[in-house]
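See structure below.
Residue numbers (the working numbering): -18 to 139.
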């Protein structure tokens, strides 16, 4: 991977605010992904989620469940750690767009009617993280600092 691309992926302007977004959003996404992938936290696992996705027209259901569950679970884990925050946030934001338009939009805004307000909140937070990056307390920031230290010219001792 080129140094320029690596720096762009890891660079962050989020300060501590990104941490305040990453931790709850990452935890929520990880838990939702675990429901889809593993059946944890009262979820239906890949088979059940896949059958439901197929029933609402997201075909092939099993593959869609695997993709959505993976984006949520691994994206959530990456957000919790602040590791490759921007790509994880993009994948999560895309997943929320699909959830809004494939599942919730016809039910209106409010969650009490299975509306899109929760998915919209997750979408807004993940889009913010795309712009902010991982923040000061993140693996991204640590890696970025390490890259900058190694890129500095050093004097050779004779």
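Beta carbons: idealized from backbone N, C-alpha and C, even for Gly. The structure presented is a predicted model; accordingly, all values stated were derived computationally and were not measured.
Next item on the list: Take residue 83 and list the residues in its own chain whose beta-carbon comes closer than 8 Å to its own, dropping the five residues that flank it on each side.
Entry: Once the five neighbours on either side are set aside, the close Cβ partners of residue 83 are 37, 38, 39.
Item checked: C-alpha distance - residue 122 paired with residue 90, whole-angstrom precision -> 36 Å
Note to self: According to DSSP, simplified to helix, strand and coil, what is residue 124?
What the structure shows: Helix.
Item checked: Beta-carbon proximity check, residue 27 vs residue 15, cutoff 7 Å -> no
Checklist line | Residue burial classification, residue 19 (beta-carbon count within 10 angstroms, cutoff 16) | finding: By the Cβ neighbour-count rule, residue 19 is exposed, with fewer than 16 other Cβ atoms within 10 Å of its own.
Item checked: Enclosing alpha helix (DSSP H) for residue 45 [first to last residue] -> 42 to 62
Checklist line | Status (buried if at least 16 other CB within 10 Å, exposed otherwise) for residue 93 | finding: exposed
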